[in-house]
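Heads up: the sequence shown at position 63 corresponds to 63 in full-length UniProt numbering, and the numbers run straight through without jumps.
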Amino acid sequence: MKYFFFYVIMLLFIFLLGFIRVNKEKYEYQFMDKIHTSIIKGIAILLVVTVHVDAFWSKVGGIQFIGGVGVALFLICSGYGLYCSYEKFGLKDFFKKNCKNISTIFICRTPLITFVE
1 MKYFFFYVIM
11 LLFIFLLGFI
21 RVNKEKYEYQ
31 FMDKIHTSII
41 KGIAILLVVT
51 VHVDAFWSKV
61 GGIQFIGGVG
71 VALFLICSGY
81 GLYCSYEKFG
91 LKDFFKKNCK
101 NISTIFICRT
111 PLITFVE
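In structure tokens, the structure reads:
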């Protein structure tokens, strides 16, 4: 249990560091903007990685629920980002942009996977 509290304190510290601006230019705060959702997604990734490391070493017990929290946070932030992209570009440009990115990855990976297998 002491490892869990140490971990939570470490994550809060990282979260607060994410809000500190390196440059002193004026920053207009907007709720759930790209910077903040990136910070939350980074913390969510750390939560999931921690559970996987715990499963490997089994030294920190009882924190398996943290992985579920990390997945939920990442899913919510990613969904919110997709919604903002849809609102900004409209339906046609939203699908054009996302289909272009997905098809590029698919076209590049398919020959590689076929060759490896």
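Backbone N, C-alpha and C define an ideal beta-carbon position, used for all residues, glycine too.
(Q) I'd like to know if lysine 88 contacts chain B, where contact means its C-beta is closer than 8 Å to some C-beta of that chain. (A) Among the chains of the structure shown, chain B does not appear; only one protein chain is present.
Q: Under 8 Å by Cβ, that's how I've got leucine 16 and isoleucine 43 pegged, so tell me the actual separation to the nearest angstrom.
A: Going by Cβ atoms, the distance from leucine 16 to isoleucine 43 rounds to 11 Å, so no, they are not a contact pair.
Q.
For tyrosine 86 and phenylalanine 94, which I take to be in contact (beta-carbon distance under 8 Å), what is that distance rounded to the nearest angstrom?
A. Between phenylalanine 94 and tyrosine 86 the Cβ distance is about 5 Å, and since that is below 8 Å, they are a contact.
Q. Under three-state DSSP, which class holds isoleucine 45?
A. When secondary structure is reduced to three states using DSSP, isoleucine 45 falls in the helix class.
**Q.** Host alpha helix (DSSP H) of isoleucine 63 (start-end)
**A.** For isoleucine 63, there is no enclosing alpha helix (DSSP H), since its DSSP letter is neither H nor E.
(Q) Quick check on this structure: which residue in Thr37, Ile40, Tyr80, Gly68 has the alpha carbon closest to the alpha carbon of valine 48? (A) Looking from the CA of valine 48, the closest CA among Thr37, Ile40, Tyr80, Gly68 belongs to Gly68.
Q) Just the Cα atoms here: how many angstroms apart are tyrosine 7 and lysine 92? A) Cα to Cα, the separation comes out at about 43 Å.
Q. Assuming glycine 70 contacts threonine 37 under a Cβ cut-off of 8 Å, what Cβ separation, rounded to an integer in Å, is found between them?
A. In this structure glycine 70 does not touch threonine 37 by the C-beta definition: roughly 14 Å separates them, more than the 8 Å allowed.
Q | As assigned by DSSP and simplified to three states, the class of aspartate 33 | A | Note: aspartate 33 maps to coil in three-state DSSP.
(Q) For threonine 104 and tyrosine 83, I'd like the C-alpha separation in whole angstroms. (A) Approximately 22 Å, taken between the alpha carbons.
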